[in-house]
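Visitor: Protein chains in written order, with this note's numbering: chain F, 339 to 469; chain X, -18 to 83.
Note that beta-carbon positions come from the ideal geometry of N, C-alpha and C, so glycine has one too.
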Amino acid sequence: MVQAKKTAAYRIATDSNGDRIFRFYCDISGELCCVTKPIQADTENAALEIAWETEGRWAFDRCPRCGRYVSSAMFNINAERCLDCAPWENEYPVFCHHCGVRLKDPKAFSCPICGARQLVGGTEGEEGMTE
Amino acid sequence: MTEYDLETKKALRRVLLLEYGFGPETLRGRKICPACGRGNGAYRTDCMSCGAALPNETLYDFYRARHRCCPGCGVVVTDVAVYCPECGAHLPEAAEQQEISV
């Protein structure tokens, strides 16, 4: 089971007033997605919670499969998963990925020959076949 | 659907994804600074934020390195694909391809 992550990867800096500034990074690519304003709080955990709830989380997409927080560039909006769990698939495939036949209708949901679903939407070992 | 309609739909979809920061075109157009993590345009050689040298690889190269790719046209394919949906080439088994790349 995937351990639910509370926040994206982050680093903390402290300004001259002792307030904490959080930098949140994409869990896959390491891209800096959010730099918070200085946050005043008694503990680091309290500051992190404020930083994440008020600013950080809005800069990320959460993958429901692996629980990671990723930048929009590393998120497959069609499959609603991160790119590690669901790589981009051509929405208008030319060939069936299962039997290799040339598709006459590039918008077809499934292959007319073998019945394979054309957009797999993730790689969890499904065969891509219709039920 | 005519070829013209299909190409128009594809182009519109690409623009829409790019507009919202999603999709392969976004990955192709971005490099990540290894020092500060800031996203930079793929055309840049140094980070606009910290000045560190940027790698030649874009985010798309990083993405491709994490997935199975068609040996014919290079497009990323899912683990369950037997044939490439772009060029129709027969794909090597996922494990077989991993051995080749090692």
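Please compile the residues from chain F whose C-beta is within a distance smaller than 7 Å of the C-beta of G2 (chain X).
Guide: Reading the second sequence from its first residue, position 21 is the one you call residue 2 (chain X). The answer, in chain order, is S410 and A411.
Visitor: Give the single residue among X:L(-2), X:K(-9), X:R9 and X:F3 whose Cα lies nearest to the Cα of N37 (chain X).
Guide: The count along the second sequence starts at 1 and reaches residue 37 (chain X) at position 56. Nearest of X:L(-2), X:K(-9), X:R9 and X:F3 to N37 (chain X), Cα basis: X:R9.
Visitor: Note down, in chain order, all residues in the region 422 to 451 of chain F with a beta-carbon under 9 Å from any beta-carbon belonging to chain X.
Guide: Correct list: D422, A424, P425, W426, E427, N428, E429, Y430, P431, V432, F433, C434, H435, H436, C437, G438, V439, R440, L441, D443, P444 and K445.
Visitor: Give the straight-line distance between the Cα atoms of L(-3) (chain X) and D27 (chain X), rounded to the nearest whole angstrom.
Guide: As a working mapping, residue -3 (chain X) is identified with position 16 in the second sequence. As a working mapping, residue 27 (chain X) is identified with position 46 in the second sequence. Whole-angstrom Cα-Cα distance: 28 Å.
Visitor: Anything in chain X within Cβ reach of L503 (chain F), meaning under 9 Å, just list it in chain order.
Guide: With chain F running from 339 to 469 in the structure shown, residue 503 (chain F) is simply not present.
Visitor: So G53 (chain X) contacts chain F; which residues on that side make the cut at Cβ distance below 7 Å?
Guide: Here residue 53 (chain X) refers to the residue found at position 72 when the second sequence is read from its first residue. Those within 7 Å of G53 (chain X) in chain F number zero; the least Cβ separation is about 11 Å.
Visitor: Flag Y(-15) (chain X) as yes if its beta-carbon sits less than 8 Å from any beta-carbon of chain F, otherwise no.
Guide: By 1-based counting over the second sequence, the position of residue -15 (chain X) is 4. It does not; no Cβ of chain F falls within 8 Å.
Visitor: Under three-state DSSP, which class holds F43 (chain X)?
Guide: Working through the second sequence from its first residue, we reach residue 43 (chain X) at position 62. Three-state DSSP puts F43 (chain X) in a helix.
Visitor: Going by DSSP, which residues form a beta bridge with I451 (chain F)?
Guide: Looking up residue 451 (chain F) in the first sequence gives position 113. Partner(s): none; I451 (chain F) has no beta bridge.
Visitor: Alpha carbons only, please: which of F:P402, F:V439 and F:F413 is nearest the one belonging to V86 (chain X)?
Guide: In the structure as shown, chain X begins at -18 and stops at 83. Residue 86 (chain X) is therefore absent and cannot be evaluated.
Visitor: Our contact map puts F413 (chain F) next to L386 (chain F) with C-beta atoms below 8 Å; I'd like the distance itself, whole angstroms only.
Guide: Here residue 413 (chain F) refers to the residue found at position 75 of the first sequence. Here residue 386 (chain F) refers to the residue found at position 48 of the first sequence. With 8 Å as the limit, F413 (chain F) and L386 (chain F) do not qualify as a contact, their Cβ atoms being about 23 Å apart.
Visitor: For L441 (chain F) and D353 (chain F), what's the separation of their Cα atoms in angstroms?
Guide: Taking the first residue of the first sequence as 1, we reach residue 441 (chain F) at position 103. Taking the first residue of the first sequence as 1, we reach residue 353 (chain F) at position 15. Going from the Cα of L441 (chain F) to the Cα of D353 (chain F) covers about 59 Å.
Visitor: Looking at the secondary structure, which residues open and close the beta strand (DSSP E) in which R361 (chain F) lies?
Guide: In the first sequence, residue 361 (chain F) corresponds to position 23, counting from 1. First-last of the beta strand (DSSP E) with R361 (chain F): R358 to Y363.
Visitor: With 16 as the cutoff for other CB atoms within 10 Å, does M467 (chain F) come out buried or exposed?
Guide: Stepping through the first sequence from its first residue, residue 467 (chain F) is reached at position 129. Because M467 (chain F) sits at a pLDDT of 39, beneath the cut-off of 50, its placement in the model cannot be relied upon, and the following sentence gives the value as read from the coordinates. Burial call: exposed.
Visitor: Please give me, in chain order, every unbroken run of the beta strand (DSSP E) with length at least 3 that falls completely inside the region -11 to 66 of chain X.
Guide: You should have 11 to 13 and 20 to 22.
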